[in-house]
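Single-structure report; data block below.
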Amino acid sequence: MEVLRKLKERLDKKEAIDIVILDMSRTRLLTDYFVICTANSNTHLKSLRDEVVEFFEEIGKPLIYYDRGEGYDWILVDAGEIVVHIFLKHAREFYDIEHLWIDAERVRV
Numbered sequence: 265m266e267v268l269r270k271l272k273e274r275l276d277k278k279e280a281i282d283i284v285i286l287d288m289s290r291t292r293l294l295t296d297y298f299v300i301c302t303a304n305s306n307t308h309l310k311s312l313r314d315e316v317v318e319f320f321e322e323i324g325k326p327l328i329y330y331d332r333g334e335g336y337d338w339i340l341v342d343a344g345e346i347v348v349h350i351f352l353k354h355a356r357e358f359y360d361i362e363h364l365w366i367d368a369e370r371v372r373v
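Counting with the working numbering, you get residues 265 to 373 for the letters of the sequence shown.
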């Protein structure tokens with residue numbers, strides 16, 4: 265939980281919008297948590313991605329995958345137990361993964 269709290273703080277400092285953490289441990293997915301947030305522009309999207317990647321590097325957590333390209337409206341950073349989804353507003357509304365995983369418990373940190 266401490267890692268989630270620190271990650272949320274970093275996203276807050278970078279002005280991520282509507283940060284939601286879902287406990288995915290009771291699903292069939294091979295991850296424990298989704299961290300979902302919204303960026304207000306493509307530049308902000310990349311900045312949030314870079315902040316998340318830097319955070320995981322600082323704590324020594326190897327990344328399985330992250331989107332390195334440009335022009336995305338949804339960026340994924342997969343650190344195994346924690347998967348971070350960073351969306352532009354329209355993409356978050358379209359994909360609506362919080363509703364898709366409605367049974368996953370929201371986590372407060």
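Backbone N, C-alpha and C define an ideal beta-carbon position, used for all residues, glycine too.
Comparing C-alpha distances from I361 to each of D276, G344 and L286 shows the shortest one belongs to L286. Taken in chain order, the complete beta strand (DSSP E) segments of 3 or more residues contained in the region 283–369 are 297–303, 338–342 and 346–352. Of the candidates A355, W338 and I323, W338 places its Cα closest to the Cα of V348. A residue is called buried when at least 16 other Cβ atoms come within 10 angstroms of its Cβ; Y297 meets this threshold and is buried.
The C-beta separation of D342 from R313 comes to about 12 Å, leaving the pair out of contact by the 8 Å criterion.
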